[in-house]
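Numbering of the sequence shown is given in my numbering, commencing with residue 1 and proceeding in unit increments.
All C-beta atoms in this analysis are idealised placements derived from N, C-alpha and C, irrespective of residue type, glycine included.
These notes are about the structure you will find just below.
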Amino acid sequence: MVHYHMMMMVSLSSRILLLLTRTLVVLVVVTGNQVKDTSFSRDDFPSNFVFGAGSSAYQIEGAVAEDGRTPSIWDKFTHEGHMPDHSTADITCDGYHKYKEDVKIMSDIGLEAYRFSISWSRLLPYGRGTINPKGLEYYNSLIDELVAHGIEPHVTLYHIDHPQILEDEYEGWLSPRMIDDFTAFADVCFREFGDRVSHWTTVNEPNTMCLGCYDSGQFPPRRCSPPGGAFNCTAGNSSVEPYIAMHNILLAHASVVAIYREKYQAKQKGFIGINVYAFWCTPLTNSSADVAATQRATDFYTGWVVNPLVFGDYPKIMKKNAGSRIPSFTKRQSELLKGSFDFIGLNHYFVAYIKDNSRNSSKSGPGDFKSDMNVKLSGDLFLPSIFFSCVFEFY
């Protein structure tokens, strides 16, 4: 079985845009002693299926200290040795210098779209204020190169990558001050690049980010505490910080969408949305407890982001289980959130078997996202044919 990273953008317009970040050419299915070749080509896909690639700035650009870029939260994290192999992305793919070669490779293999993120600390080194001319030049050159090769640029504004200076100043996404600074950063991007970029993603996988950054401490800024805190953090509160960070991210998303629609969308004729990490949940057994747990897992992982955008509030089960630890939206915030997307991107990696864990849950001590959800996850299956139809039906 071959696994691949798939990003689906569910559009409210008539067009549905699909991106494969690694082209899947052949599936080999083994049944008993028989091997079935299920090869397929582009001719097997709908005419509006878009083949593309995806990346993020810190993962591929390198040049972390060149041409005015300041450290991001990832630079601090990796330079402190928190990666398992103590690696950094100081050079990585060297995309900052080799973007023309990269675009040529994309063109040679027939890609039609490329999704990449913009390094906030490269474009606005101090988080706000003066634009870095070298950073602006780089992204303009990259976008121009893509357009010249007939490749549609898709820009992600935030991929767990904000300037360390904002983390030092007010703890990043734990502060509502991040909303205004992120909106101002996005405004610069729309103004400078929107004449050539028609697809914008505000935040990539905010659900994964909030858990990795503020519950387990697996990602920067490496904040966590018991009962989370699998990575020996020195600061943080896993009980409340994931919920606080998500709250501010959602409000920042809505603010950015409002600015785009008010100032740019009519002229630039683009689309704006958000990407959500969404694995498909299936009950481990047919018991009513596991079935209920499966819905609960979907609400916690996917509904945490999508429900506020569609309905203006978090799923009821999240509010019930997290209680006062999850912030509330004002009426105005709820109205701003509802409908604040032209598409919702789904990043999918695997399918999980869900087992209810309510009976084994400890009620003593502070809770966190995992104990609030009260499920056990297991399994790793290939993308089922029902996945997208189920998501469409749910929302």
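By the CB criterion at 9 angstroms, Thr78 and Ser121 fall outside the cutoff. Residue pairing from DSSP places Trp280 in a beta bridge opposite Val351.
Going by DSSP, Arg296 is part of the alpha helix (DSSP H) stretching over 288-298.
For Pro133, the enclosing alpha helix (DSSP H) begins and ends at 133-148. According to the DSSP assignment, Val155 belongs to the beta strand (DSSP E) that extends over 152-158.
If the five residues before and after Leu250 are omitted, its C-beta is found closer than 6 angstroms to the C-beta atoms of Pro308, all from its own chain and listed in chain order. In the DSSP assignment, Ile272 is bridged to Trp200. For Ser255, there is no enclosing beta strand (DSSP E); the enclosing alpha helix (DSSP H) has its first and last residue at 241-263. Here DSSP, grouped into helix, strand and coil, assigns Gly95 to helix. Its chain contains Pro283 as the residues whose beta carbon lies nearer than 6 angstroms to that of Val291, once the 5 sequence neighbours on both sides are disregarded; these appear in chain order. By the neighbour-count definition (other C-beta atoms within 10 Å, threshold 16), Thr202 is a buried residue. For Ser47, the closest of Phe219, Asp94, Glu112, Glu205 by C-alpha to C-alpha distance is Glu112. Checking the DSSP bridge columns, you'll see Gly52 partnered with Ala113. Going by C-alpha positions, Ser117 is about 10 angstroms away from Glu61. For the options Gln164, Trp304, Ala184, Asn237, the alpha carbon positioned closest to that of Thr130 is the one of Ala184.
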